[in-house]
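Residue numbers (the working numbering): 1 to 1021.
Virtual Cβ for every residue (Gly too), placed ideally from N, Cα, C.
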């Protein structure tokens, strides 16, 4: 094939005629002269009898209907080879007495590729040579503005020759040459500036207008954007689908499966790329000849409805059941979601585990951790995800019945509208309608053993607990399900969740869990280094999310919001798409939060929750840079709560960045300083180990705010160590630049220092120790004798890095001393509770995450409060930093937030220290007891008559609200603007926290009366 295809494309004459379909036809003026050269070359080979060559070449050029684009792209040599290949295929068909050709012609190079194969209308891509799948994988799924490919595909059917009828499908893939590969913001919606030059030569003015409209809509939302047009005088329909590049995979080939399923075939297809990041797919669809008499309007309508399902999940393990017509697309996708649900919630621990929990004391931390480890092992060994999948695939008829049970609740009955019933609704009405009990009986009768039964029972559990879903909405980018968490066994999840979301996308799966209606917490991206790590992360995803949410619930004791957390687990093959996954996660959750407000959604959504819900998102691992987008996207989706939807936003959007102002670190460091103060230690003389490096929020600010002698830092790149103390100037440089320790200038290390990176192997340290594997060394360094220091401050690291099985390495370091005298847990869940208690028993002073790491949540809460208090104009004036100019209110408010964080941390530290000295109860236990006492009292106070005492209510709120907001807006204005449920939560949280910190978790019966009388009643009266 010629490598000069960009030049060859300029030979096309696209102005002589218009085919009426939106693209000017390809006309190659040099076609006749090229044909003469092909005849001459074939005659020289002698493969075809000389008297037949002219006839064969003429048939190839003029009767097969191959688009002229082919003859422009291909060299004479390639065309001659293809003619001879086709002649050979005809001879083979003749000898076998077959009336169809089996043609497979392909040619690939860097700039363009051509594929031609036999293809009868209605035969799916999956039944052929799967060129479309190859085009997806090789050219489309990885398309970017820097390297993108456009596709043209044509169906041709020429007259029979020797009884053989050629039905051919051709694909032409060419590398894009954009007018402007890097468009300015002003050019982003100008199709003449962002399009491929070849497309602009071929597209009619009508097509440019249509594509411009679709492009505009794609840039405004996450897609897909779908438009349908009738072709005048024909049954043909033109379907145009726009979406953002790299936002889905295998979409081109998956769409073929979809329209073939509904009795349609395409005459032509186009994939156009634009340098602004938009992809547009154009399909020209017709009913398959002699197929079922389904009106094309119904078939097209069903394809439009289900396009977003293909977009969300273009390829699943159940795809073949759809391709072979055993399941509809909706049923196949439902089966995939049910498989994911089963992996996480299948009741697979067995009676033996339940019996063991009754024997052991689950409140005993040792027993609790042993049970937790056993639970993970049982789940891993009993029902693997592969085993569950194998079971589900055996019973497509059960998937149909379970899907019908799900759909009868959540599929809106179209008989209530003026639209004719869709094909999927008609199919649904033909399925057997069973009650839950009848369906359970059906499962028992059709399955062959207890394992199969319990798998499908989990599907029924899923159906019973879905409260609303975007499954049937036509503009979704991922599937989201609001679930009633009541199915969770109390013995495994003792603290009851209030709300639960499951989100499934092509790049990820995720959860969002919250313990109260008004709750807030961060969204975390979870990556996997390899398939083994992914398998572990997948198994522990929900339990990790639950534990993080529970920790957040305890941390949030000082603020009105309850604890929540979101997790997004990237699929093992999608580790480079955290942003795409986050954006889809947010958009699909918004589908369920702003029911009836979403532009483009024409069908109502079944909502069994029965009342509006608002979620508050915050930054966490891997998502700090995405908060701006989420806030603005909520605004573009019409969410009334957009200002408060995310915290940690940029200052230009009214956010108070935790890293810029060291909000989280201010709380953590108060505990470090508190220890030094109580024990009379000088910070400058104390040594420290820190996990979580200078590239992170908590780690960088811990370096900046502290004055100790840091001997070791462990981060994502490796281990940095210096027994003499790491050079602080160099550390502060990295912290300021937010870079990992792999950027540390090793010339600054002393003779007793080293740096071992993940990729390093067989490194000899200053003491003669040889590090065989840098990755393993990094993961276990916090238990290494070299790590011995006065204080350990984990600012990052995976949950349960220290547990029952390795905590002894911290207690007995080989010289009879603990590795650390003091621990302040900045990173969430770095220690298990049993590990903390073992350390305390050995004399280590440890403050757990739920107490120490609450500065960020306090800052975020006060950021939300300002967003709720100000109207849009006031918020823009007082809270948004513009062109580097910081509003006076913002500057003062940040200082008030910092002071509040330090005050709350100091108050809790004093309470824990006091109660520990008085009772001897471990601080790790006291921390939980104080948290639980505050949370319980807070909820009780909101429901008492204290709230009805207006004077008392105002007296409390005058102290609870930030002084600056009170001065700016006044108490009455604040109460009027902020939702009452939120104000009640402020009232309860302030009273409960102040009381418990002063009187402890178990005060005497009259303590609260004295507290209220001394603090508030005199003032209120």
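Query: When the Cα atoms are used, what is the spatial distance from residue 73 to residue 533?; Result: 46 Å
Query: Which of the three DSSP states is assigned to residue 601 in this structure?; Result: For residue 601, the predicted structure reports a pLDDT of 45, less than 50, and the residue's modelled location is therefore unreliable. A value from the coordinates is still provided. DSSP places residue 601 in coil when its eight states are reduced to three.
Query: What is the rounded straight-line gap between the Cα of residue 964 and the Cα of residue 142?; Result: 51 Å
Query: I believe residue 1022 touches residue 791 by the beta-carbon criterion, under 8 Å. Please report the beta-carbon distance rounded to the nearest angstrom.; Result: Since the first residue shown for the chain is 1 and the last is 1021, residue 1022 is missing from the structure and cannot be characterised.
Query: Here's the rule I'm using: 16 or more other beta-carbon atoms within 10 Å means buried, otherwise exposed. How should residue 804 be labelled?; Result: buried
Query: Assign residue 250 to buried or exposed, taking buried as 16 or more other Cβ atoms, counted over all protein chains shown, within 10 Å of its Cβ.; Result: buried
Query: Is the beta carbon of residue 569 less than 9 Å from the beta carbon of residue 530?; Result: no
Query: Just mark residue 52 as buried or exposed, buried being the case when its beta carbon has 16 or more other beta carbons within 10 Å.; Result: exposed
Query: From this set, 318, 58, 769 and 199, which residue's C-alpha is nearest residue 257's C-alpha?; Result: 318
Query: Does DSSP put residue 1058 in a helix, in a strand, or in coil?; Result: Nothing can be reported for residue 1058: it is not among the residues displayed for the chain, which extend from 1 to 1021.
Query: Relative to the C-alpha of residue 562, which residue among 609, 582 and 496 is closest?; Result: 496
Query: If we ignore side chains and look at the alpha-carbon of each, how far apart do residue 184 and residue 675 end up?; Result: 55 Å
Query: Cα-Cα, which of 738, 717, 715 and 707 is closest to residue 727?; Result: 707
Query: Per DSSP, residue 645 forms a beta bridge with which residues?; Result: DSSP lists no partner for residue 645.
Query: Between residue 57 and residue 267, what straight-line distance do the alpha-carbon atoms span, to the nearest angstrom?; Result: 24 Å
Query: What's the gap between the Cα of residue 759 and the Cα of residue 782?; Result: 19 Å
Query: Pick out whichever of 136, 194, 182 and 206 has its Cα sitting closest to the Cα of residue 172.; Result: 136
Query: Using three-state DSSP, classify residue 740 as helix, strand or coil.; Result: coil
Query: Just tell me which of 229, 188 and 235 has its CA closest to the CA of residue 215.; Result: 188
Query: Give every residue of the same chain whose Cβ lies closer than 6 Å to the Cβ of residue 878, excluding the five residues on either side of it in the sequence, and list them in chain order.; Result: 887 and 889
Query: Quick check on DSSP: helix, strand or coil for residue 24?; Result: strand
Query: Given this structure, state the Cα-to-Cα distance separating residue 592 from residue 469, to the nearest angstrom.; Result: 7 Å
Query: Mark residue 573 as exposed unless 16 or more other C-beta atoms lie within 10 angstroms of its C-beta, in which case mark it buried.; Result: exposed
Query: I'd like to check one pair, residue 1011 with residue 994: are the Cβ atoms closer than 9 Å?; Result: yes
Query: Which residues in the same chain as residue 513 place their Cβ atom closer than 7 Å to its Cβ, once the five residues preceding and following it in sequence are excluded?; Result: 497, 500, 545, 546, 549, 564 and 565
Query: When you compare the CB positions of residue 609 and residue 503, do they come within less than 9 Å of one another, or not?; Result: no
Query: Tell me whether residue 200 is buried or exposed, calling it buried when 16 or more other Cβ atoms sit within 10 Å of its Cβ.; Result: exposed
Query: Going by beta carbon distance, what residues of the same chain come within less than 8 Å of residue 858, once the five residues before and after it are set aside?; Result: 558, 559, 663, 667, 897, 900, 901 and 904
Query: Just list the residues that DSSP pairs residue 66 with in beta bridges.; Result: For residue 66, which the question treats as bridged, DSSP gives no partner whatsoever.
Query: Within the same chain, show all residues whose beta-carbon is closer than 7 Å to that of residue 398, passing over the 5 residues directly before and after it, in chain order.; Result: 443, 446 and 456
Query: Would you mind sorting residue 467 into buried or exposed? The rule is 16 or more other CB atoms within 10 Å of its CB.; Result: buried
Query: Could you check if residue 1006 is buried or exposed, using at least 16 other CB atoms within 10 Å of its CB as the buried criterion?; Result: exposed
Query: Please determine if the segment 670-689 and the segment 642-658 are in contact, where contact requires at least 3 C-beta pairs separated by less than 8 Å.; Result: no
Query: Which residue or residues does DSSP assign as beta-bridge partners of residue 509?; Result: 504 and 569
Query: My guess is that residue 824 and residue 671 are in contact by the Cβ rule of under 8 Å, so how many angstroms apart are they, rounded?; Result: 5 Å
Query: State the Cα-Cα distance for the pair residue 82 and residue 49, rounded to the nearest angstrom.; Result: 16 Å
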